[in-house]
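Engineer: Have a look at this one before I ask anything.
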Amino acid sequence: MNLKQALAYARGILADNNIDDASLEGEVLLRHILGIDRTQLFSELDLNLTPSEEEILGRLVERRLQGEPSAYITGHREFYGLDFQVDHNVLIPRPESEILVEKAISLAQNRMISTIADIGTGCGAIAISLALNLPEVKIYATDVSAAALEVARANCRKHGVENRISLLQGNMLEPVAEPVDLIIANLPYVRESELARSGPLSFEPVLALNGGPDGVSRINDLCHQLAGKLSYDGCVFIEIGQGQGETVSDLLRQVFPLAGIEITKDFAGIERVVSLCLTRS
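Everything in the sequence shown is counted per the numbering used here, starting at 30 for the first residue and increasing by one.
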């Protein structure tokens, strides 16, 4: 079997089993086995796979058919144009979360931002993306999971920012010792009833998904920690699930009644980030 045939095989099986983006998924699995990029793959389609490589491809395709996300199969996920290591201890970074990074970078162009806290950092994708784009900013990245922080630490080393990000284990803002200018939170916001369903979510850590009965339990807990952790003219960006914008806005108003609050939609038109900014009195 040459690479062209292997690509057609992987894509065909995935498509026949209704895997989204089957064409890209098949390509990703094949490139992972061979350790090559797209250019190499499509310039060497006549090359033959070894019997061992054919066997591995079959196993990986079967894992994908069982619902395991490709990011866990390959151990990698792209986020904000960067490659991150991921495993079953961390949530797979989503494209929607790039809105948090974009908003933070934009904010730093208009406000003095010297400290940022990334709450629920997981693999560290948001914190590292910000460290690379805002080199003068001090960044704290917290997570309750020690295993997740090990993945984040590996990614910090990979991208050369291990001395710029303080990784802290603990309950959200509790390990952060000083008020910060910007708090970014990508906390669990999936309702418990949705977690019971089968599918890709069943492969991801429940700790990083379970937002309680209404999906906002952890966000509510964060709001109760904000006082004393946010600088007097600081901002908070919180990623939310569909239909949670009004609820999360109300939770923030209970803490900061006079603050300005806005909701940003993602590329699909779904409310995705609730932002709060304090102003000098």
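Just so it is clear, CB atoms sit at the ideal spot from N, CA and C, and this is done for glycine as well. Since we're looking at a predicted model, the values are computed, not measured.
Report yes if the C-beta distance between residue 158 and residue 118 is below 8 Å; otherwise report no.
Structural biologist: No, these two residues do not count as a Cβ contact at 8 Å.
Engineer: What's the gap between the Cα of residue 188 and the Cα of residue 165?
Structural biologist: The alpha-carbon atoms of residue 188 and residue 165 are separated by roughly 16 Å.
Engineer: Quick one: which unbroken alpha helix (DSSP H) runs of 4-plus residues sit fully inside the stretch 126 to 196? Chain order, please.
Structural biologist: Correct list: 127 to 137, 154 to 162, 175 to 187.
Engineer: So for residue 258, helix, strand or coil by DSSP?
Structural biologist: Coil at residue 258, not helix or strand.
Engineer: Going straight from the alpha carbon of residue 57 to that of residue 292, what length do you get?
Structural biologist: So the two alpha carbons sit approximately 34 Å from each other.
Engineer: Looking at C-beta atoms only, is the number of pairs between the stretch 192 to 204 and the stretch 104 to 121 that lie closer than 8 Å three or more?
Structural biologist: No, they do not touch.
Engineer: In its own chain, which residues sit with a C-beta less than 6 Å from the C-beta of residue 43, not counting the 5 before and 5 after it?
Structural biologist: The residues are 51, 54, 55.
Engineer: On a CA-only basis, which of 60, 147, 108 is nearest residue 85? Give me that one, please.
Structural biologist: Looking at the Cα atoms, 60 is the closest of the given residues.
Engineer: With H, G and I counted as helix, E and B as strand and the rest as coil, what does DSSP make of residue 117?
Structural biologist: Correct three-state label for residue 117: coil.
Engineer: Whether or not the stretch 201 to 220 and the stretch 258 to 276 are in contact is what I'm after, with contact meaning three or more pairs of Cβ atoms, one per stretch, closer than 8 Å; do they touch?
Structural biologist: The stretch 258 to 276 vs the stretch 201 to 220: in contact.
Engineer: Under three-state DSSP, which class holds residue 214?
Structural biologist: Reduced to three states, the DSSP call for residue 214 is strand.
Engineer: By a C-beta neighbour count over all protein chains shown, 10 Å radius and 16 as the cutoff for buried, is residue 101 buried or exposed?
Structural biologist: Its Cβ being crowded by 16 or more others within 10 Å, residue 101 is buried.
Engineer: Do residue 176 and residue 151 have their C-beta atoms within less than 8 Å of each other?
Structural biologist: No; because the gap between Cβ atoms is not below 8 Å, this pair is not in contact.
Engineer: When DSSP labels each residue in this structure, what does residue 308 get in the three-state scheme?
Structural biologist: Three-state result, residue 308: coil.
Engineer: In whole angstroms, give me the CA-to-CA distance for residue 81 and residue 123.
Structural biologist: In a straight line, the C-alpha of residue 81 is about 33 Å away from that of residue 123.
Engineer: Is there at least one non-hydrogen atom of the ligand COA closer than 7 Å to the beta-carbon of residue 119?
Structural biologist: The ligand COA is absent from the structure shown, which contains no ligands of any kind.
Engineer: For residue 96 and residue 47, I'd like the C-alpha separation in whole angstroms.
Structural biologist: The alpha-carbon atoms of residue 96 and residue 47 are separated by roughly 11 Å.
Engineer: Just checking, does the stretch 297 to 308 make contact with the stretch 269 to 284 on the three C-beta pairs under 8 Å criterion?
Structural biologist: These segments touch.
Engineer: Whole-angstrom Cβ separation of residue 146 and residue 209, contact assumed at under 8 Å?
Structural biologist: Correct: roughly 5 Å between the Cβ atoms.
Engineer: In or out: residue 310 buried (at least 16 other Cβ within 10 Å) or exposed?
Structural biologist: Confidence is the limiting factor: at residue 310 the pLDDT is only 49, short of 50, which leaves the residue's position unreliable and the question unanswerable from this model.
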